[in-house]
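Contents: one structure, followed by commentary.
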Amino acid sequence: MDVDHHNFGLVSLKDYTFTLGKELSCGYDEQGRKWEEPELTEIRKKALIVKECPRKDVFFENIVLGYIQKCLDDTWLAHSPYTSPNMDMDICGFIDEFYAVRYLHQVIKSVYPDEIRDVPRLPWKQE
């Protein structure tokens, strides 16, 4: 199955792409609880979801970095498969997509320092 890669709207993320999958979304109810599939479908049918956020699988030079997802409070979370083999952890609170993607890039750069190009510059350090 061929998956469509999309470009980010931010110029600072021009070297990155992402894919979307409806089955990879999450939803939040009025109490702020996060629901994922397969429960999300049932909660959606009951019209209890107030916000739905698709997961974006992030790629850099055709290498998957992990995924990012918007949170209920409009911050972003990032999840990297390269942290620890025994850990499944989301890092939350990124102010926008740029910082979430930059975090994912930093994680893989720390694991494969010679194979991956440097992380993007911070906005206030642009040349």
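With the working numbering as the guide, the letters of the sequence shown map in order to residues 460 to 586. For every residue, glycine included, the Cβ atom is placed at its ideal position computed from N, Cα and C. Being a predicted model, the structure only gives us computed values, none of them experimental.
Per DSSP, cross-strand counterpart(s) of residue i
i           : result
residue 466 : 476
residue 525 : 517
residue 510 : 487
residue 535 : 529, 553
residue 494 : 486
Anticipated Cβ contact below 8 Å, residue i with residue j, distance rounded
i           : j           : result
residue 541 : residue 517 : Contact doesn't hold; Cβ gap of about 12 Å is too wide.
residue 537 : residue 553 : 6 Å
residue 487 : residue 473 : No, residue 487 and residue 473 are not in contact; Cβ-Cβ is about 30 Å, not under 8 Å.
residue 440 : residue 559 : Residue 440 lies beyond the stretch modelled for the chain, which goes from 460 to 586, so this question has no answer here.
Status (buried if at least 16 other CB within 10 Å, exposed otherwise) for residue i
i           : result
residue 576 : exposed
residue 543 : exposed
residue 582 : exposed
residue 515 : buried
Minimum Cβ-Cβ distance from residue i to chain C less than 8 Å
i           : result
residue 565 : In the structure shown, chain C cannot be found, because there is only a single protein chain.
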